[in-house]
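Counted the way our numbering counts, the sequence shown spans residues 174 to 296. Glycine included, every Cβ here is placed at the ideal spot set by N, Cα and C. Quick caveat: nothing in here was measured; it's all calculated off a predicted structure.
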Amino acid sequence: MMRSIKKLAIIAVLTPLFAACSSGPSDSDVEELIQAQYDNANSIMDDAMVQAGDDEMAKAVSGMMAGMMPTLESVDNVSCDTTEGDNTYLCTADVTQTIGGNSRTDSGAFKVSDVNGEWVLTP
């Protein structure tokens, strides 16, 4: 009888831990992944401007392109559902961005996977 109680106690303690490990990404996880994509695009643009050096035409084109780069304003209404196994989720979100001074909101879908304990956007 005492053994059964101990087994039940261990199961009761471990069950929430396993459930927590298999839960999907939080809203902030998804927002951080999307922000990282914007940051990466801006970094590429910054590198291109540095590469332009003293070439006036390249500077002008880089400056024009930089003005067209979107700025992430917010990520709202995040919802994630399991897809393709336990560690992959299909998430939807409303993404508000500003491009050239104009703000717009679009709904998007993002595949998010847990890779070695870290959330990543996957193709």
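Taking a contact to require three or more Cβ pairs closer than 8 Å, the region 214-225 and the region 275-287 do not qualify as touching.
For the pair V248 and D200, the CB atoms are nearer than the 9 Å cut-off.
For G273, no beta strand (DSSP E) run applies, since DSSP gives it neither H nor E. For C264, the closest of T244, M242 and D287 by C-alpha to C-alpha distance is D287.
The Cβ atoms of E205 and V251 do not sit closer than 9 Å to each other.
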